[in-house]
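Data block below; observations after.
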């Protein structure tokens with residue numbers, strides 16, 4: 153079962169949503185489309201947006217915010233600051249050893 157289906161099953165309520173929650177869910181879906189690599193949901197009980205990294209993308213990263221704008225800022229910051237090792241630089245001479 154994929155993460156989105158799990159989130160809908162366990163995090164989103166099955167009862168009819170108030171109009172405000174529908175608006176928040178629509179915003180969460182829009183963020184989901186714009187930010188691949190993240191599972192986005194609105195917690196109707198917590199009244200917060202949640203961003204879960206998809207497996208293998210951002211280990212140990214869980215983001216939460218009260219507004220959609222705040223969540224997108226947090227996601228953008230996480231994307232910008234995640235550790236990416238620098239590429240290997242070839243030295244250009246004799247297998248990398250100086251003579």
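Residue numbers (my numbering): 153 to 251.
Ideal Cβ positions, reconstructed from N, Cα and C, are used throughout, including at glycine.
Rounded straight-line distance, which links the Cα of residue j to that of residue i
i	j	result
residue 220	residue 189	17 Å
residue 177	residue 186	14 Å
residue 173	residue 199	9 Å
Residue range of the beta strand (DSSP E) that includes residue i
i	result
residue 218	Run containing residue 218: none; DSSP gives neither H nor E here.
residue 189	First-last for residue 189: undefined, no H or E at that position.
residue 200	200-205
Pick from the options that is closest to residue i, judged by C-alpha positions
i	options	result
residue 143	174, 201 and 191	The question about residue 143 has no answer, for the chain in this structure spans 153 to 251.
residue 216	185, 196 and 208	196
residue 214	192, 198 and 232	192
residue 180	207, 218, 208 and 233	218
residue 206	184, 224 and 173	184
CB contact below 8 Å: residue i versus chain C
i	result
residue 196	Looking at the structure shown, chain C is missing, and only one protein chain is on hand.
Same chain, Cβ closer than 6 Å to residue i, neighbours up to 5 away in sequence not counted
i	result
residue 231	none
Cutoff 8 Å; reference residue i; Cβ partners in own chain excluding five residues on either side
i	result
residue 224	183, 186 and 187
residue 227	183, 187, 190, 203 and 215
residue 194	164, 173, 176, 177, 179, 180, 200, 201 and 202
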